[in-house]
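Mapping of the sequence shown onto mature numbering (1 follows the signal peptide of the UniProt record, and there is no 0): residues -16 to -1, 1 to 167, in sequence order.
Cβ coordinates follow ideal geometry from the N, Cα and C atoms, glycine included.
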Amino acid sequence: MSFFFLISGFTSCSLTNPIWFVKTRLQLDQKRNNRLTVRECIRQINEQHGIRGFYKGITASYYGMAETVIHFVIYEAIKARLQERYSGDSTNWTDFLRCMVAGATSKTIATCVAYPHEVARTRLREEGTKYRSFFQTLLVVYKEEGRAGLYRGIGTQLVRQIPNTAIMMATYELVVYLFSDSH
């Protein structure tokens, strides 16, 4: 199962990185008078770096797959403990609340562990040559900004991801429950 997860994650990162790269470049565009259009951004990247330019920061995306692995391992462990503790209870809405708590907790831990890859990926997508590779970028950020630099923006990430993941995991469990033969 985890092998297929890694293959699908690798494929997804590889195919969608150009889209995310352009999005990040447009977000970082600071020309006040003349904002880049998507077409201009794509042309500029292609002219400056060719097709390879659209894959800048992809190694950080590959490292980011670890966040999802950590999240699911912790989620399944928490869910198993909750099921063990509350076994014998009939399935009701509190089961889905427990799944929400398990999802929120596991995603919080995974995000806190793996967040520096988000910073590295964004920095690698900036224009310029200061950041050249994943580990070099982490080292430069750490040297120049300390640990806080590696976690810049994590608060916003958690505010967005925790409720999203809690709802997503509870919804997933509800759908599995509704389509299972055991209810």
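G34: CB within 7 Å of a non-hydrogen atom of the ligand MN | The ligand MN is absent from the structure shown, which contains no ligand whatsoever.
What does a CB cutoff of less than 8 Å around A98 pick up in its chain, not counting 5 residues either side in sequence?
-> These residues qualify, in order along the chain: Y47, G48, A50, E51 and I54.
In three-state DSSP terms, what is Q28?
-> Helix, per DSSP.
Evaluate E129 with the Cβ neighbour count: other Cβ atoms within 10 Å of its Cβ, from every protein chain shown; 16 or more gives buried, anything less gives exposed.
-> So E129 ends up on the exposed side.
Cβ of Y59 within 8 Å of Cβ of M153?
-> Their beta carbons are under 8 Å apart, which means Y59 touches M153 by this criterion.
G87 and T140 closer than 8 Å at C-beta | Contact: no.
Nearest candidate by alpha-carbon position, reference Q120, set G41, Q11 and L(-2) | Cα-wise, what sits closest to Q120 is G41.
Looking at the C-beta of L122, does it have a partner C-beta in chain D at a distance below 8 Å?
-> This model lacks chain D altogether, as it is built from one protein chain only.
Are S44 and A94 close, meaning C-beta to C-beta below 8 Å?
-> The question names Ser, but residue 44 in the sequence shown is Ala. If you check the CB distance, A44 and A94 do not come in under 8 Å.
Would you report the Cα separation of F80 and T155, rounded to the nearest angstrom?
-> Those two C-alpha atoms are separated by around 8 Å.
F118 versus L108, Y126, S(-3) and K127, residue with shortest Cα-Cα distance = The candidate whose alpha carbon is nearest that of F118 is L108.
Confirm, please, whether the CB-CB distance from Y115 to residue 220 is below 8 Å.
-> Outside the shown range of the chain (-16 to 167) lies residue 220, about which nothing can therefore be said.
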